[in-house]
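Just so you know, we're using this note's numbering here: the sequence shown kicks off at 418 and counts up by one.
Quick reminder that beta carbons are idealized off the backbone N, C-alpha and C, glycines included.
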Amino acid sequence: MMSESALSMLDDPSDALSLVNSMSEVLNPYPLIQKTVTTQREKLANPSLPQVALALGVAHLILLLLAGFTFFLKASRKQDGERRKIWLWRRHYVPNQTIPYFVPNGNFSIELLQMFSCSFYIIFSATTYIICKYPQHPSKIIHASTIFWYAISIVPGA
Numbered sequence: 418m419m420s421e422s423a424l425s426m427l428d429d430p431s432d433a434l435s436l437v438n439s440m441s442e443v444l445n446p447y448p449l450i451q452k453t454v455t456t457q458r459e460k461l462a463n464p465s466l467p468q469v470a471l472a473l474g475v476a477h478l479i480l481l482l483l484a485g486f487t488f489f490l491k492a493s494r495k496q497d498g499e500r501r502k503i504w505l506w507r508r509h510y511v512p513n514q515t516i517p518y519f520v521p522n523g524n525f526s527i528e529l530l531q532m533f534s535c536s537f538y539i540i541f542s543a544t545t546y547i548i549c550k551y552p553q554h555p556s557k558i559i560h561a562s563t564i565f566w567y568a569i570s571i572v573p574g575a
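Next up, the structure:
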């Protein structure tokens with residue numbers, strides 16, 4: 418059987434293919450391949466990643482609560498004793514033009530996008546935490562959903 422020093426020499430996984438081809442038919446190469454892949458994955462893993470994912474999730478939860486509270490305050494504010502009308506788009510007319518142009522309400526759209534983005538990032542942080550904390554139960558669905566939620570979480574704020 419091969420020594421540990423030979424395993425550590427395989428820095429590039431493609432080098433393992435030439436090694437597998439040179440092995441005799443008696444030796445089963447698959448445990449060696451699995452060990453090489455496992456050691457490569459362990460080199461990439463950071464032991465503090467679950468705590469970082471949890472901290473980012475908590476930070477985005479706080480941001481979500483602040484954005485929701487701010488949105489509620491803006492929506493419930495009264496002007497002259499009457500409740501303000503919530504609008505996302507307002508029509509404006511240019512003098513001597515019959516076709517209006519639409520102006521978005523920046524205050525409300527930013528708050529809504531912040532709430533969506535924080536919600537999606539919290540889901541991303543939770544799936545990342547699960548993957549890092551319990552790597553012995555890998556699930557393709559969880560890995561795929563982590564990538565999906567990360568992509569979705571950065572879109573609204575972009």
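Just list the residues that DSSP pairs residue i with in beta bridges.
i	result
Arg501	Answer is none; Arg501 lacks a bridge partner.
Below 7 angstroms CB to CB, which residues in the same chain sit around residue i once its five sequence neighbours on both sides are set aside?
i	result
Glu499	none
Leu505	Pro521, Asn522, Phe525 and Ser526
Ile540	Trp566
Tyr538	His477 and Ser570
Ala536	Per the sequence shown, residue 536 should be read as Ser rather than Ala. The answer, listed in chain order, is Leu481.
One question on the structure: do residue i and residue j come within less than 8 angstroms of each other, judged by their Cβ atoms?
i	j	result
Leu473	Ser542	yes
Glu528	Ala484	yes
Ile559	Ile547	yes
Thr545	Ser562	no
Pro464	Lys550	no
Met532	Phe486	no
Suppose the cutoff is 6 angstroms on Cβ atoms and the five residues either side in sequence are ignored; what does the same chain contact list for residue i look like?
i	result
Arg507	Val520
Arg501	Arg494
Ala470	Ser542, Thr545 and Tyr546
Using 10 angstroms around the beta-carbon of residue i, count the other beta-carbons present and answer buried if the total reaches 16, otherwise exposed.
i	result
Leu449	buried
Gln553	exposed
Thr456	exposed
Closer than 8 angstroms by C-beta to residue i: which residues in its own chain qualify, once you throw out the five before and the five after it? Chain order, please.
i	result
Ile564	none
(request) Mind listing, in chain order, the continuous alpha helix (DSSP H) runs of no fewer than 4 residues lying wholly within the region 483-565? (result) 523-550
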